[in-house]
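Residue numbers (our numbering): 12 to 57.
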C-alpha cells in the first residue's frame, strides 16, 4: 500500500493558495470508507 500520494489541485482558483493535496494511507485507515487528505498550502497563504 502506498503511504503518501500528492495530487495537483484541479481547481485553478484554489491553486494559488493550495497547489497540492496529500493523500495519506496507512494500514489502520484502510477500513474507513473515505480517505484522509491534507491540503498542502504555501506558508504565506491565509
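Each residue gets a CB set at the ideal place from its N, CA and C atoms; glycine is no exception. The model shown is predicted, which means the values in this text are computed figures rather than measured ones.
A straight-line Cα-Cα distance of about 15 angstroms links residue 40 and residue 33.
Spatial neighbours of residue 47 in its own chain (CB-CB distance under 7 angstroms, excluding positions within 5 residues in sequence) are listed in chain order as 35 and 40. Contact between residue 29 and residue 52 holds, with the beta-carbon distance rounding to 5 angstroms and staying under 8 angstroms.
Residue pairing for residue 53: DSSP places it in no beta bridge.
Residue range 31-35 is occupied by the beta strand (DSSP E) that includes residue 33.
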